[in-house]
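S.K.: For reference, the structure I am asking about is given below.
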Amino acid sequence: MAKLGAMQDWTMRITSVIDHAAREAGTREIVTRWADGSVTRTDWAGVRRDALKMAQALQRLGIRPGERVASLAMNHSRHLVSWYGVAGMGGVLHTVNPRLFDDQLDYIVNHAEDRVLLYDAAFQPIVDKMKDRWTTIEHYICYDSGENAPAFEDWIGAEDGDFEWVTGDERDPCMICYTSGTTGNPKGVQYEHRSTVLHAIAGLQPAAFNFSGSSVMLPVVPMFHAASWGLPYAGAMAGIKFVFSAVNDPAVLHQLMIDEKVTDSAGVPTVWLAHFQYCDANGLDLPPLKAATIGGSAAPKFMIERLMKNGTRVQHAWGMTETSPIGTVGGPTWDWEELSFEEKVQKTTMQGRPIFGVELRTVDLDDMVTELPRDGKSSGALQIRGPWIIKRYFKSDKDAVNNEGWFDTGDVGILHPDGTLQLTDRTKDVIKSGGEWISSVELENAAGGHPAVAEAACVGMPHPKWDERPVLFVVKKADAQVSAEDIIEHLRSQVAKWWLPDAVEFIDEIPHTATGKISKKDLRDRFSDYRLEA
Ligand code: ADP
C-alpha cells in the first residue's frame, strides 16, 4: 500500500500567484502615479501579459534560470511586472536599494553578479556614477523613456508574449535582497519560490495584512526594501487593487489615497510622520484608512494613538530582511474588546504576535542557549525559525542558524504570555552595567517624549567601575532651550534610577544608516575617545 496520501502534485512557484490573480481578478486595477505626475492604469491580467513578454525578452538576452537580474527602482507597475517576469523565466530578481552608499552599491551588484539592470530614469546619476564599477552588468534597460538605454515598454513590446513559464523546483531561488550591513559588507538573502508563496499566504490572513478582494493598498514601503514586505505577492493572491506612487512625497500620497479610495497602506514610521506633518501644515484630516501597517523600526505611541483615533487599525509589525520579512504583526488580540482605548494603544506599541509559520523564543543574553519564560518580564536574545526564515547567506558556506535551526535575530525582546513580542533593544546596543542589562531603546523613547528633543540616541560607554554606563546623545529641536539636568529630570519618572544616563551630550546631528535607522556604530566611532569617570 502506498505510504503517501493521494492528493495532487502542485509545485509552489511564483507563477501560480500571477496566474491566479490574472484568472480570478483579471480586471482589478493596478494604478501608478509616475514621477512626472502622469497616472497609468493596468490590471492583473495586464501585469501577467507583460510579465510573459518580459520573460521572453530576458531569454532573448541569454539570461538563464538561476541568474540575477537587478532593479533600481521605486514602486510602479513596471517594477511589479518585473517581479513576475524575472521569476517566470526562472531568474532571480535583485532589488537594489538606491539609498545605499557607493561602496555598498558596488559590492552587492558585483557579489550578486547581476547581468541586467532595470532602472528608473531618476536614478540615471547612480547608473552613470557606478557603471564602470559594475563589471557584471551587460544590459541596461530604463523603466521610463529610452534616452540612455532601451525603454522598458519598447523592450518588452517587441515580444508577442507567447511564452510558457519556466518550471522547476519549488526550492529554486526567485529573489535576492541584501541587508544594509551596519557592520561589514551587506549580506545577500535569497528567497525561494516556496518560501515566498508560503510567506504570502501567511501575510494576507486576518492576523496579518487582513486582505480581501475589496482592499485597496498603497504600499509606501519600497519594492527594494525587504520585498516590500511581501505585499506584491499577498496582494495578488487576494486580488486586491494596488495604487503605486513612484515618488514618496506626502502631498502626492495623500491625494492618491483620497482619489483612489485607498483602504490600506504600509510604511516605516518616518513615512507616517511625514504624512502627519503634511496634514498639520495644510489643515487636512488624515485619510480615512482602514488599516496601516508600520514596521522596520518601532512605531511611537503618539503615532499609533493618532491613527487609531482616526479609525485606522494599526498593524505594528516586526521583521527583517532575513525573515522575508514578516515575523510578528500586531492586531486585535482575543481580549481586544475588553481593553480601554489607552490599553489598546499601549498594547500596539509592542510588536505583535507571530503569524503561523513563525516560531520565536528568547534566550539568556549571557549564554545564548538557556530559554527564557514567556512571562512578559524576562528579556533576552530573540531567535526565530520557520519556512521563510534564512538558513544560509548567499554564497556563504556555513549555516546562519544553530544546530536546532534557530536564527539569531540580533534583537533583544520580551515574550508575553499571549504571544506578544516586545522588542527592547539590539544585542549590540543593549548596555551592560554592573552585570545588569539596560535598554538603550527605552531610554531613547523616554527622552524622545521631552518636548525640546528632536531625536535621541543612547549608547553604552566604557566605565571603570560598572563596565558600561548609558550616555544619551540629544539633538534639540530648533530654538529649544533645554539642559542636561532637565532631560535627566524628565527621565526620572519613567525609568529605574540606576538606568539614568551618566551624561547627556547635545550634538547637531545623529548619524543614520542608508535605511534611515540610527547608526550607533558611527556614533561610537565618532566618540571613541569618550571617557566616563568613576
Ligand atoms: P528591514 O530591511 O525590514 O528594515 P532590516 O533587516 O534592515 O530589515 O532590519 C531589521 C531590524 O529592524 C530588526 O532586526 C529590528 O531591529 C528592526 N525592526 C524592524 N521592525 C521593528 C519594529 N516594529 N520595532 C522595532 N524594531 C524593528
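Residue numbers in the sequence shown follow the UniProt record's numbering, run continuously in steps of one, and reach 534 at the last position. Every residue gets a Cβ at the ideal spot worked out from N, C-alpha and C, and that includes glycine.
1) Which same chain residues end up closer than 7 Å to Ala51 when comparing Cβ atoms and leaving out the 5 residues on each side of it in sequence?
2) Which residue marks the beginning of the beta strand (DSSP E) containing Met308, and which one marks its end?
3) So who's on the other strand from Gln315, going by DSSP bridges?
4) Would you list the one or two residues that DSSP bridges to Gln383?
5) Are there 16 or more other CB atoms within 10 angstroms of the CB of Lys347, so buried, or fewer, so exposed?
6) Can you tell me whether Tyr107 is helix, strand or coil according to DSSP?
7) On the three-pair Cβ rule with 8 Å, is the segment 260-267 touching the segment 209-226?
8) Hey, Ser439 and Val453: beta-carbon distance below 8 Å or not?
9) Near Phe356, what residues of its chain come up, given a Cβ to Cβ distance below 7 Å and the 5 sequence neighbours on each side ignored?
10) CB of Ala317 to nearest heavy atom of the ligand ADP: below 7 Å?
11) For Lys241, collect the residues of the same chain with a Cβ closer than 6 Å to its Cβ; drop the 5 residues on either side in sequence, then sort them by chain order.
12) Out of Ala6, Arg133, Glu147, Leu253, which has the shortest C-alpha to C-alpha gap to Ala274?
13) Using only the alpha-carbon positions, how far apart do Glu485 and Met461 sit?
14) Whose C-beta lies closer than 6 Å to the C-beta of Phe244 among residues of the same chain, with five residues either side of it excluded?
15) In the DSSP assignment, find the beta strand (DSSP E) that holds Pro173 and state where it starts and stops.
16) Less than 8 Å separating the beta-carbons of Met175 and Val262?
17) Under the criterion of a Cβ to heavy atom distance below 7 Å, does Leu423 qualify as lining the ligand ADP?
18) Mapping DSSP to helix, strand and coil, what is Trp437?
19) Beta-carbon separation of Ala200 and Val329 under 8 Å?
20) Would you report the Cα separation of Phe341 and Arg78, rounded to the nearest angstrom?
21) Give me the residue from Leu100, Pro125, Thr95 with the minimum Cα distance to Glu113.
22) Can you tell me whether DSSP reads Pro462 as helix, strand or coil?
23) Classify Asp249 as buried or exposed, calling it buried when 16 or more other Cβ atoms lie within 10 Å of its own Cβ.
24) Look at Pro186 and Tyr107 and say whether their C-beta atoms are less than 8 Å apart.
25) For Phe163, which residues in the same chain have their Cβ closer than 6 Å to its Cβ, ignoring the five residues on either side in sequence?
26) Once DSSP output is grouped into helix, strand and coil, what is the label at Lys521?
27) Which residues bound the beta strand (DSSP E) around Glu343?
28) Using alpha carbons as the reference points, say which of Gly434, Val441, Val401, Gly380 lies closest to Val412.
29) Is the segment 311-324 close to the segment 388-399, with three or more CB pairs under 8 Å?
M.R.: Let me lay it out:
1) Same-chain partners within the cutoff: Ile18, Val81, Tyr84, Gly85, Gly88.
2) Counting along the chain, Met308 falls outside any beta strand (DSSP E), though it belongs to the alpha helix (DSSP H) covering 301-309.
3) Paired residue(s): Thr293.
4) Under DSSP, Gln383 shares a beta bridge with Arg361, Asp408.
5) Within 10 angstroms of the beta-carbon of Lys347 lie 16 or more other beta-carbons, which makes it buried.
6) Helix, per DSSP.
7) Output reads yes: the segment 209-226 touches the segment 260-267.
8) In this structure, Ser439 sits away from Val453, with a CB-CB distance that is not shorter than 8 Å.
9) Answer for Phe356: Ala202, listed in chain order.
10) For Ala317, the distance from the CB to the nearest heavy atom of the ligand ADP is below 7 Å.
11) These residues qualify, in order along the chain: Arg28, Glu29, Val216.
12) For the residues Ala6, Arg133, Glu147, Leu253, the minimum Cα distance to Ala274 belongs to Leu253.
13) Cα-Cα distance, rounded: 19 Å.
14) Non-local beta-carbon contacts of Phe244 in its own chain, meaning distances under 6 Å to residues more than five positions away in sequence, involve Thr32, Asn75, His76 in chain order.
15) Note, Pro173: beta strand (DSSP E), 173-178.
16) For the pair Met175 and Val262, the CB atoms are not nearer than the 8 Å cut-off.
17) Short note on Leu423: C-beta closer than 7 Å to some heavy atom of the ligand ADP.
18) In the structure shown, the three-state DSSP call for Trp437 is strand.
19) For Ala200 and Val329, no; Cβs fall outside 8 Å.
20) Approximately 42 Å, taken between the alpha carbons.
21) Answer by Cα proximity: Thr95.
22) Of the three classes helix, strand and coil, the one that applies to Pro462 here is strand, per DSSP.
23) It counts as exposed.
24) Result yes, Cβ atoms of Pro186 and Tyr107 sit closer than 8 Å.
25) Within its own chain, the residues whose Cβ lies closer than 6 Å to the Cβ of Phe163, once the five positions on either side in sequence are excluded, are Leu52, Ala55, Gln56, listed in chain order.
26) Secondary structure of Lys521 (DSSP, three-state): helix.
27) Note, Glu343: premise wrong, no beta strand (DSSP E); alpha helix (DSSP H) at 341-348.
28) Looking at the Cα atoms, Gly380 is the closest of the given residues.
29) Because the criterion of three Cβ pairs below 8 Å is met, the segment 311-324 and the segment 388-399 touch.
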